[in-house]
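Enquirer: My structure is below; once you've seen it, I'll send some questions.
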Amino acid sequence: MPKLSALVISLFWAIGLTWSKNVRVTELIVPSAAILGESVTLMCSYDLGSEELYVVKWYKDDIEFYRYEPKDDNQFIYFPQPGIDIDLSRTNSNVVFLRTVALDSAGSYKCQVSTDAPTYSCVQAVKDMNIIILPLEGPQITGGGNNYDLGDNITLNCTSAESKPAAKLDWFINDQLVPDEEADDHGIQTNNKNLQISFKSLRLKLSKKLFRKGKVAIKCEASFYDTVATISKEITLLEINSASMCCSHYVFIIFSTVLSFSLSMRCLNCFPS
């Protein structure tokens with residue numbers, strides 16, 4: 001008889017394990033980078049299979065900050081902690097809406113889904129979120145003169161505005177990316193506000209093949225986490241034919257230029273003109 005009981009228990013346990021395999025987190029949306037002061041939507045989608053939901057819990061750095069328990073009188077519970085500012089009116093069983101993110105909002109976010117009896121399955125997914133402080137202006141290009149001859153060597157310096165983390169700087173010539181090995185990276189400097197500034201220079205020889213329709217466009221682009229934000233500054237070199245100088249080719253450099261930015265996230269007044 002004891003053997004039969006053990007067999008029955010083992011059978012039910014095996015069935016329970018089979019059911020638990022059907023419970024899964026199908027998608028966890030946590031932005032890899034969020035802009036300081038912006039709102040953020042966290043989303044956890046799950047498939048319960050044939051099981052019944054018991055509770056959904058959210059953690060930041062392994063400390064619970066929110067739970068949804070459908071059978072409880074108080075279905076939605078918020079546990080305040082630094083960096084977590086939840087708008088409960090826009091939060092539900094799948095979504096957590098953070099009104100505004102601060103520097104201490106950065107961390108590891110976990111969604112944990114548990115089912116009810118008899119299986120009591122538990123699955124979870126984890127993703128990290130970083131907080132960035134965007135610069136208030138575009139990168140600066142310095143080092144150019146006013147006039148050049150074809151064949152002259154030019155050294156230009158690109159300095160990012162202060163940000164956190166440091167911007168990744170890239171040079172472009174006529175919209176073509178300059179490989180890192182052809183530019184000089186001068187590292188990162190941290191100022192007294194704990195913000196970072198990046199430096200990168202470009203050396204090139206003015207040759208006829210660089211000019212397209214009489215001009216060369218040189219751009220320095222600062223980017224953050226590749227897709228979150230880019231901001232750039234461009235200068236233009238114009239080729240001038242001077243009859244009074246025996247048709248020699250001179251180049252006049254115009255700094256001025258084109259200041260552009262793009263964001264894959266909503267950001268109002270990040271880069272004031």
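Counting from 1, position 252 in the sequence shown corresponds to residue 252 in the UniProt record's numbering; the numbering is continuous, with no gaps. Beta carbons: idealized from backbone N, C-alpha and C, even for Gly. Only a predicted model underlies this, so the values are computations on that prediction, with no experimental measurement involved.
1) Please name the residue, chosen from Thr115, Thr91, Phe224, that lies closest to Leu167 on a Cα-to-Cα basis.
2) With a threshold of 6 angstroms on Cβ separation, who are the neighbours of Ile133 within its own chain once the five nearest residues in sequence on each side are excluded?
3) CB-CB under 6 angstroms to Gln112, same chain, minus the five flanking residues each way: which ones, in chain order?
4) Closest by CA to Val126, which one among Phe97, Glu221, Tyr109, Asn94?
5) In three-state terms, what does DSSP make of Glu182?
6) Can you tell me which of the three DSSP states Ser89 falls into?
7) Could you tell me which of Pro80, Lys233, Lys205, Ile86 sits nearest to Cys158, measuring between CA atoms?
8) Looking only at DSSP bridge pairs, what is Arg24 linked to?
9) Measuring CB to CB, does Leu88 end up less than 9 angstroms from Leu42?
10) Quick one: is Ser50 buried, meaning 16 or more other Cβ sit within 10 Å of its Cβ, or exposed?
11) For residue 305 and Gly138, what's the separation of their Cα atoms in angstroms?
12) Anyone know if the C-beta pair for Ala161 and Leu202 falls short of 9 angstroms?
13) Looking at the unbroken beta strand (DSSP E) that takes in Asn153, where does it start and where does it end?
14) Indicate whether at least one CB of chain D lies closer than 9 angstroms to the CB of Lys164.
15) Pick from Glu221, Phe199, Phe211: whose alpha carbon is nearest that of Leu237?
Expert: Reading off the structure:
1) Inspection of the sequence shows that residue 167 is occupied by Ala rather than by Leu. Here the closest residue by C-alpha is Phe224.
2) Leu36, Ser163, Lys164
3) Within the same chain, Gln112 has close Cβ partners Lys57, Gln124.
4) Tyr109
5) helix
6) helix
7) Lys233
8) Asp47
9) no
10) exposed
11) The shown model of the chain, from 1 to 273, leaves out residue 305, and the question about it has no answer.
12) no
13) 153-159
14) Reference to chain D is not applicable here, since this structure consists of a single protein chain.
15) Phe211
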